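In mature numbering (1 follows the signal peptide of the UniProt record, and there is no 0), the protein residues as written are -24 to -1, 1 to 321. Backbone N, C-alpha and C fix where the C-beta goes; we use that ideal spot for every residue, glycine too. Predicted model only: the values in this text are computed from it and were never measured. Here's the structure, in structure tokens; my notes come after.
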Amino acid sequence: MKLAPPFHRLALAAAVLCAGAAHAADADINPSWYVQPSLNAMKPDADFGVDQRGYGLGLKFGKPVADAWDLQMGTTYARSRANGERYRQNTLGVDALYLFSRKTLRPFVLLGVGAERDKAQLNGIGERSRTSPYLSAGVGVQSSLSEQWSLQADLRTVHGFLRGRDFPNSKSNNYYLTVGLNYAFDKPAPPPPPAAPPRVETPPAPPPAPLPPPPAPARFEKVTLSATELFGFDSAALAPRQDKLDEIASLLNANAGVDRVTISGYTDRLGAAKHNQKLSQQRADAVKAYLVGKGVAAPRLNAVGKGTQNPVASCSNKKRVELIACLEPNRRVEVEQITIERRVP
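Here you go:
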């Protein structure tokens, strides 16, 4: 059955309205009940005797019942007239809408069931009326306008199962184009606040590595230097090359905490005691002066002349040359409380 031109225009207007609303932001499902007043255009079956387009109103109540399903129940009224003949139809029924989306633009298909009241006033026949069950099927679209308002348009056929002989056939097909405005009684629940970022537990800092045990304190020992290597015979003048004294100076400079270093000068028993005492002091002073010249602070050093004290060799040689050689260990300079290069085990 072809639709009349005005019917085409109404369908086009509904499509344009829905398409324009489709640019709104996506909307989540609102589980609230809603009411839907509507306008409809009807094309009645020719078997009712009036097949001209007609218009009417409707009122339904609906509710989303699942992610993809809405239920709507309510009533519609439409009438048509031509050439003095009139036809009207009232319906009361329930529709199940399957929605393909819950976004702003929600196309759907529908199936409905209910009762229809058909009444016709025909020339030469009079008034006919009958209440019958019907099934309906159609397609449509919903489009959100705001949190509580949405637009619905659908095109459906209402297939009546006519009883009795009031109308020529036992079945009828009326076509409806319906445009309604849905108002939800409640606003949708606000979206949950964004989840807090996961708390990152900062692992405890590893305990500091144990400090290495302090090095064993350096032990000190007395360094004995041969006067024969340091000085000429019966002289307090140092020889030019003094590797051992250079080593002692380096060790003292590297260990500033070592102080009260005693430099003791000794001689052998040959010669006068007063001369030997003076020579031993001069030799101790010469060693101190050399170390100071190498950077060792003078207050750290104490030079002492001890003459012939503390001999380390006792000799009874009769010949002078042999006696001088034998007494060589007694001619010495001792540096006490000095850190040596190697640690003494």
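So, with DSSP's three-state summary, where would you put residue i?
i, result
"Ile224", "helix"
"Leu131", "strand"
"Leu267", "helix"
"Pro305", "helix"
"Val(-9)", "With a pLDDT of 47 at Val(-9), under the threshold of 50, the predicted position of this residue should be treated as unreliable, though the coordinate-derived value follows. Helix, per DSSP."
"Asn158", "strand"
"Leu86", "strand"
"Leu187", "coil"
"Ser146", "coil"
"Ser256", "helix"
"Arg29", "coil"
"Val234", "coil"
"Arg139", "coil"
"Arg296", "helix"
"Ala274", "helix"
"Ala262", "helix"
Taking buried to mean at least 16 other C-beta atoms within 10 Å of its own C-beta, is residue i buried or exposed?
i, result
"Ile224", "buried"
"residue 329", "The requested residue 329 does not occur in the structure, where the chain is confined to residues -24 to 321."
"Lys36", "buried"
"Ala301", "exposed"
"Ala58", "exposed"
"Ala96", "buried"
"Gly30", "buried"
"Leu206", "buried"
"Gly38", "buried"
"Arg175", "exposed"
"Tyr242", "buried"
"Asn293", "exposed"
Return the Cβ separation of residue i and residue j in integer angstroms, given the expectation that the two are a contact with Cβ distance under 8 Å.
i, j, result
"Gly156", "Pro13", "6 Å"
"Arg62", "Ala54", "The pair is not a contact, with the Cβ atoms about 12 Å apart (cut-off 8 Å)."
"Leu86", "Gly116", "7 Å"
"Met18", "Tyr110", "That pair is no contact at about 13 Å."
"Asp23", "Gln48", "Rounded, the Cβ-Cβ distance is 28 Å, inconsistent with contact."
"Asp142", "Ser105", "7 Å"
"Gly283", "Gln258", "Between Gln258 and Gly283 the Cβ distance is about 11 Å, and since that is not below 8 Å, they are no contact."
Going by DSSP, what residues sit across from residue i in a beta bridge?
i, result
"Gln97", "Arg62, Glu103"
"Lys19", "Tyr151"
"Lys39", "Leu47"
"Tyr74", "Trp45, Val85"
"Ser92", "According to the sequence shown, residue 92 is Glu rather than Ser. In the DSSP output, where bridge partners are listed per residue, Glu92 has Thr67, Ser108."
"Leu214", "Phe207"
"Trp125", "Tyr159"
"Pro174", "According to DSSP, Pro174 bridges with nothing at all."
"residue 322", "The first residue shown for the chain is -24 and the last is 321, placing residue 322 beyond what the model contains."
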